[in-house]
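First up is the structure itself, then whatever we jot down about it.
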Amino acid sequence: MDRSFLSFIGGICTGVFLIMLYLHRGVIKAAITGQELPKAPKSCPAFIPDDGE
5 MDRSFLSFIG
15 GICTGVFLIM
25 LYLHRGVIKA
35 AITGQELPKA
45 PKSCPAFIPD
55 DGE
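Sequential numbering from 5 applies to the sequence shown in our numbering.
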């Protein structure tokens, strides 16, 4: 494969990784500090509605 193609794919993977890191910064911070995990937003697949919602 061409080196520029591999660099392009590597850049995309790095960008996706950084976006996921930014979006999950609250969970990562809570896991490191030992705090309670934040609730997932309604648009997240991990969202579990409470009885009142």
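Heads up, the beta-carbon is just placed ideally off N, CA and C, and yes, glycines get one too.
Since the structure is predicted, the reported quantities are computational estimates derived from the model, not experimental observations.
Under the criterion of beta carbons closer than 8 Å, L27 and A34 do not qualify as touching, at roughly 14 Å. Distance from the CA atom of F9 to the CA atom of M24, rounded to whole angstroms, is 23 Å. In this structure, DSSP gives I52 a state outside helix and strand, which the three-state scheme calls coil. Going by DSSP, G38 is part of no alpha helix (DSSP H) at all; its letter is neither H nor E. Cβ contact annotation for G30 (same chain, cutoff 7 Å, sequence separation greater than five): P42, in chain order.
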